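These protein sequences, in sequence, are chains A and B.
Under the working numbering, the first residue of the first sequence carries the number 1, and numbering increases by one thereafter.
Under the working numbering, the first residue of the second sequence carries the number 1001, and numbering increases by one thereafter.
Each residue gets a CB set at the ideal place from its N, CA and C atoms; glycine is no exception.
Remember, predicted model here, so these are calculated numbers, not experimental data.
Take a look at the structure set out below.
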Amino acid sequence: MSTEATEKPGEEGGSTVGGAGTGGTRFDLDKETELRFEVEAGERVQLELLNGMAEVFGSELNRNKKYTFGPGSKIAVFTWQGCSLSLSGKTEVAYVSKDTPMLLYLNTHAALEQMRRQAERDNERGPRVMVVGPTDVGKSTVCRLLLNYAVRLGRRPTLVELDVGQSSVSVPGTMSALCIERPADVEEGFSVQAPLVFHFGSTTPGTNIKLYNKLTSCLAEVFSQRCEVNRRASVGGCIINTCGWVKGSGYQALVHCASAFQVDVVLVLDQERLYNELKRDLPHFVRVVLLPKSGGVVERSKDCRRETRDEKIREYFYGFRGVSFYPHAFDVRFSDVRIYKIGAPSIPDSCLPLGMSQDDTQLKLVPVSPGRDLTHHVLSVSCVEDEVEGGPGRSRGILESPVCGFIVVTAVDTQAQVMTVLSPAPRPLPRHTLLIMDIRFIDLK
Amino acid sequence: MAAKDTLTEAVQVEFSNELLSPPELLHARSRNHKIPVKGQKDFLLSGSEQQRAALQKSLDEHWTLVAEERVERLGNLVNAEWIPEEKLVKLQTPAGKFWQTMGFSDRGKQCLLPEEALYLMECGSVQVFYQDLPLSIQEGYEQFLSPETVTLHQYQVFGHLKRLGYVVNRFDPSTVPTLYERQLNLPLPRNKQTKHLKRKHGNSPLGSRLFNKSHCDKRSTLPVEETKPAQQCEGEIMTVDPRLDQTAPDQAKTEQNPQDELMEFNTDLDRAPRRNWWTDTSSQVQHTLGQHTSARPWDFSCIRFPDLGSSRAGHACLAAPDPKLLPGALQVGECEVTPWLRKLNLKAERLSRREWERQRERDRYHRDINNDREVRRCRNWAEYLELMEKRRSHQFKKRPAHLWEQDVIPLAQPGQCDSHRDLLEQVSVIQSSDLLHGASRLPPSEQWRICFNVYQPDTVADFKKSHPGKPYTRMCVCSFDGPVPDLLVMKQLSFQSGDVPVTFAVVDHGDISFYCFKEFKLPTDIY
Chain A
1 MSTEATEKPG EEGGSTVGGA GTGGTRFDLD KETELRFEVE AGERVQLELL NGMAEVFGSE
61 LNRNKKYTFG PGSKIAVFTW QGCSLSLSGK TEVAYVSKDT PMLLYLNTHA ALEQMRRQAE
121 RDNERGPRVM VVGPTDVGKS TVCRLLLNYA VRLGRRPTLV ELDVGQSSVS VPGTMSALCI
181 ERPADVEEGF SVQAPLVFHF GSTTPGTNIK LYNKLTSCLA EVFSQRCEVN RRASVGGCII
241 NTCGWVKGSG YQALVHCASA FQVDVVLVLD QERLYNELKR DLPHFVRVVL LPKSGGVVER
301 SKDCRRETRD EKIREYFYGF RGVSFYPHAF DVRFSDVRIY KIGAPSIPDS CLPLGMSQDD
361 TQLKLVPVSP GRDLTHHVLS VSCVEDEVEG GPGRSRGILE SPVCGFIVVT AVDTQAQVMT
421 VLSPAPRPLP RHTLLIMDIR FIDLK
Chain B
1001 MAAKDTLTEA VQVEFSNELL SPPELLHARS RNHKIPVKGQ KDFLLSGSEQ QRAALQKSLD
1061 EHWTLVAEER VERLGNLVNA EWIPEEKLVK LQTPAGKFWQ TMGFSDRGKQ CLLPEEALYL
1121 MECGSVQVFY QDLPLSIQEG YEQFLSPETV TLHQYQVFGH LKRLGYVVNR FDPSTVPTLY
1181 ERQLNLPLPR NKQTKHLKRK HGNSPLGSRL FNKSHCDKRS TLPVEETKPA QQCEGEIMTV
1241 DPRLDQTAPD QAKTEQNPQD ELMEFNTDLD RAPRRNWWTD TSSQVQHTLG QHTSARPWDF
1301 SCIRFPDLGS SRAGHACLAA PDPKLLPGAL QVGECEVTPW LRKLNLKAER LSRREWERQR
1361 ERDRYHRDIN NDREVRRCRN WAEYLELMEK RRSHQFKKRP AHLWEQDVIP LAQPGQCDSH
1421 RDLLEQVSVI QSSDLLHGAS RLPPSEQWRI CFNVYQPDTV ADFKKSHPGK PYTRMCVCSF
1481 DGPVPDLLVM KQLSFQSGDV PVTFAVVDHG DISFYCFKEF KLPTDIY
C-alpha cells in the first residue's frame, strides 16, 4: 500500500503504451493478499485483471480492462477473494504480500457504516472522521479506502482535504472539501467536480498556522451548512485528511480541527504517542482509534513530494496526464487586478498600536505591487465579488472566500504594466482579486 | 428674409419677397443683442407701486424681446420640410455647420429630429415648411413637441444644454455596451449608432425615433432583455475552472442564504441559476452548530472499532463484521489483532532535544481533560463547547445587569473585538451599499428614462457623429411638479447607464437645475 500513488499522472500524453501486449507477468493472488508494485521512472505499467475480483485502494478493477500507471506510481492491488493479474511494463518492485492491515481498515469501515445506519434511522448526523498520523503512513490512502467503501454502499461522504502540501483535490497550498458521489477512478483518483477550495498559499501549515485554523473553521462551517440542507450529505458524514505535522502547533491544529468539525472518530495511524495525547486532549465522547500503517507504504523524499506538487498543478491546467485540457495564455493589466498576500511580516511589539497583538498580522491582507518577482507564482482567483469587496458591508472577507480558479504568471512586463498568465479559461478573469501563493510553477513540458 | 414669431402676421405676408432695405438691415444689425439681466426674483406680492413698475418693466422687456423681428441672411437659411407621419424634418437644401453635431442621413436624405429642428429654427439656421408654408417658431413648438417625440421639459433641457455648447443627442439604450462587453474591454463598435439608425430606417423609421409613451413600454423593456444575455454570459465566465465550478445544485444551495434564495427566486424566475459557491450572504446566519449535534452520544460499546490502543489490555480477536455493512456483501473472517500490536510505531519519530523536553514536560504536567467531572458530564460537542465558552466568559468580569439583561443591549461585546475593524463592523447598524449592487435584477421603470447623451463642447473634445465615444454624462429629465427619484430609480438608471454618470435635469417653469448623485464610501479601517 502506498500513499497517493495513483495521483501521479504520467509525464506525457497517451494512455496506451505501444507493444505492451498480454505477454506480461502473471500473478496469482490468494484471498486477502495484495500485489504491490512501483513503476520505474520514465516507464509505464499496464495492469489487467484476468479472473477473480480485486480492488485498488477500494476501487474495484474491471476484468480484462487494461489500466495504465505512469512513472513513479506506487500501487497495491488487493483481493478479498483471490484473483489472477497480469502486469506488463517495467516495474521497480513487484511482489505479493500477505501482511496487510486491510481487514482492520475494513472493520473500521464496518463500524462507520454502523454509525451511518444509526444516523439514518434516528435522523441524526453521520460520523465525522479525522485521519491523523505522521507523514508517509498512508493517511490519504486510508481516506480514499474508507470513502470508496462508503460510496460503494450508496453513501455520499465528503472528503475534507486539509493537507496543504499534498492535496488530492486541488492544487497544493489549498484546503478543500469535495463531495464524493462515485468511487475513485483507478488511475485518476476521485473525480474533482465542484470542490470547495480555500486559498492557503503555502505547502506547510506552519507558515501561517492562524490562517490554517481559520480556514479549517470556515470549511467546517460550510460543511455544517451543507449538512443542514442535504440529508444524504449529513448521513454520509465526512472524512478529514490532515497534514503529517503532529508536533507543537501542528498538534494544536489537529485539536482545533477536531473541535471545529466536532468529529466523532479520530483514526490515528501508527503513532502511539499521538494516540495517547489525543485521548487526553479530546473529550471522552470522541472515539480515538489507533490503527497500524500498511507495510507497503513507501517513504517519499522531498524531491518526490515537490514533483508530485508540480504534477498536481500541471494536471490542473492540462488535465490528467496532460492531455485533456488546453489552457489559455493572455495578458492582464496590472490596473485591472488587485493582488494580495496573506500575512504581514511581523514587527516588534513596541511598534504596534496599543492593545493590538502580534497575531493579528498573520491574517492581514497585504497588497502586492506586481513586479518581476511575481513570475511563475501561482495565484488564486478569489470568489469575492468585485463590487462588494472593500466595502464595509461586505458579506465575506477575502480570507473567508473560496477560490474560483488558479492562474500562473508566466511573464511580467513592468514597462507595459501587464503580466501574461496561464489560465484554465479564456479572458476575462472572472474576478479581479488575486491571492499570491508561495508556490511556483514553471511550465516546462 | 425674416421669420416672425407671431402667427397672424406670418400667414398674411408673402415670405419670399419680404426683403429688407439697407437702412432696415443696418438698423437690425446695430440693435442691442443683449438679453436684459433679470435681478433677483420677488416671491411675495407686496402691492407697492415700485414693485408693480418693476414687474411691468420686466414684462415689457420680455415682450419686446419676443416680438422682435429676427433678421437672417437668406443664404444661411436651410430649407426643410416637416413630415408629421415620421415625426421628422427632412432637409431640402444642403445642411450647414450644424450637421457636424446634429441630424442623420436616411436613404441619402438629410434629416433632423424634431427637437433639433426646433432648436435650429430658434437659432435662425433652418426654415421649416409644412404643406409648402413656412412654420413659425410657435408653430414649431406646437407641432414638434409631443409625448411621442420630446416633451416641452425635455426640449427645454435640450435647448439649454445646446446653448451652453454641449453636444446632445437622444439616448438609445441599445447602444450602451453590455456588462459583458465592458468586462471584455471591447472597443465600442465604430459605427454602432449610425448603423443602428440606418438599419432601422428599413423596417420602421418611426420606432427608432419615437421615444415617449407609445413606445416607451417597448423601450423600457429593452435594457433588461439586453442585459440578460450579458448576465448569463457572466455566469458562464465565472466557471473559470471546468472542474471547480460545476457546483452540484444541492451544494450551491448550501451556501445560499434562505432569504437570498427567495429573493432570487422572485426576481429572476426565468434566469438560469447562478453557479457560484455563495452569493451575497449579507445577513450572515450565525450557525449554532449545536443544533445538529446529536443529543445522544454514539454507543461505542455496540459500534466496535479495531482500536489497537485499547486492545493492548484485552480482547485480541475482532469478530467478523456483518456482510451487510460491507461493499459487495463481502464475507470476511475474524481478525487477529495481536500480531498488529507489534507493528505499531514503525515510523520513527524525529524529535529535536527541545521538542523532546517539551514533550516530557507536557506528559508530566498536562492533565487529561476527561478527569474533569464537568467535562465527563458533557455528552456531545455542543455541550462541551458550551462549557468551554462558559468557563472562558467566567474569566471576564461579570457583566452589569442593566446593560446586558434587557431588550436593548450594547452592539459590541466586550472582549470580542480585537481590532478597530471588528469593532466598526459590529457597531455598523446601517450597511452602506453600492449603487450598482443588485441593480441588474431590478425591473425597469415605466416613468423614469434617460433622455439624452451629453458630450463635451467642441472646444474640449472633438465630436464625431459616426463615432460619438463615451458621453460626458446622461440626462434624465424631470420636473419639480413630478415625484422625486427614489433609490430604486437611481439604481436602475445608473445600471442602465453603466460607467457614464447620470444627471437629473429638474425643470421648474423654464429654470433648469441639475442634480447628480455621487457615491462615496464611509471611512473604514483598512486592514
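- Our two residues, D336/A and H432/A, have alpha carbons roughly 7 Å apart in a direct line.
- The stretch 271-287 of chain A and the stretch 178-192 of chain A do not touch, with fewer than 3 CB-CB distances between them shorter than 8 Å.
- For V412/A, the enclosing beta strand (DSSP E) begins and ends at 403-413.
- The beta carbons of T108/A and L146/A sit about 7 Å from each other, so the pair counts as a contact at 8 Å.
- Taking every protein chain shown into account, the CB of F1514/B has fewer than 16 other CB atoms within 10 angstroms, so this residue is exposed.
- Shortest Cα-Cα distance from P71/A to any of A54/A, P345/A, P370/A, K90/A involves K90/A.
- Under the three-pair Cβ rule at 8 Å, the stretch 1021-1035 of chain B does not count as touching the stretch 438-445 of chain A.
- Within chain B, the C-beta atoms nearer than 7 Å to that of P292/A come from L1308, W1340, K1343, L1344, in chain order.
- DSSP places Y95/A in the strand class (E or B) of the three-state scheme.
- Interface flag for R1376/B against chain A is set, since a Cβ pair is found closer than 8 Å.
- For the stretch 1349-1369 of chain B, the beta-carbon criterion of a distance under 9 Å to any beta-carbon of chain A is satisfied by E1349, L1351, E1355, R1358, Q1359, R1362, D1363, H1366, R1367, D1368, I1369.
- S167/A and P1501/B have their alpha carbons spaced roughly 47 Å apart.
- Interface annotation, F330/A: not in contact with chain B, CB-CB separation never under 8 Å.
- With 16 or more other CB atoms across the displayed protein chains lying within 10 angstroms of its CB, Y212/A is buried.
- The alpha-carbon separation between L365/A and R1377/B amounts to approximately 42 Å.
- H256/A is outside the set of residues whose beta carbon lies under 8 Å from a beta carbon in chain B.
- Listed in chain order, the non-local C-beta contacts of T1473/B below 6 Å within the same chain comprise V1454, P1501, T1503, local neighbours out to five positions each way being set aside.
- Note on the stretch 173-219 of chain A: whole beta strand (DSSP E) runs with a minimum of 3 residues are 174-179, 196-199, in chain order.
- 8 Å or more divides the Cβ of V1071/B from the Cβ of A1117/B.
- Residue environment analysis places C1335/B among the buried positions, since at least 16 neighbouring C-beta atoms fall within 10 angstroms of its C-beta.
- Taken atom to atom, the span from the alpha-carbon of L1161/B to that of D1106/B is near 26 Å.
- Going by C-alpha positions, P1134/B is about 13 Å away from I1083/B.
- Take G1165/B, set aside five residues on each side of it, and the residues of its chain with a beta-carbon closer than 8 Å to its own are P1457, D1458, T1459, in chain order.
- About 14 Å separates the beta carbons of P101/A and K1347/B, which is beyond the 8 Å limit, so they are not a contact pair.
- Cβ atoms of V408/A and R372/A stay farther apart than 8 Å, at about 15 Å.
- For C1317/B, the closest Cβ of chain A is not nearer than 8 Å.
- Here the alpha carbons of L1120/B and D1132/B stand approximately 19 Å from one another.
- In this structure the stretch 1348-1356 of chain B does not lie against the stretch 298-312 of chain A, because fewer than three pairs of beta carbons, one per stretch, are closer than 8 Å.
- Counting every other CB atom within 10 Å of its CB across the protein chains shown gives G58/A a total of 16 or more, marking it as buried.
- For the stretch 225-247 of chain A, residues whose beta-carbon sits nearer than 8 Å to a beta-carbon of chain B comprise Q225, R226, C227, E228, V229, N230, A233, S234, K247.
- Using a 10 angstroms sphere on the CB of F78/A, the tally of other CB atoms reaches 16 or more, which defines it as buried.
- Between V96/A and D270/A, the beta carbon gap of about 23 Å keeps them out of contact (Cβ cut-off 8 Å).
- Taking C-beta separations shorter than 6 Å and ignoring five residues to either side along the sequence, the partners of S380/A in its chain run H199, V403, F406, L435, following chain order.
- Under the criterion of beta carbons closer than 8 Å, C83/A and A111/A do not qualify as touching, at roughly 27 Å.
- Under a 10 Å Cβ-count criterion, T1338/B is classified as exposed, with fewer than 16 other Cβ atoms of the shown protein chains found around its own Cβ.
- Distance from V169/A to P205/A at the Cβ level is roughly 16 Å; contact not present, criterion being Cβ atoms closer than 8 Å.
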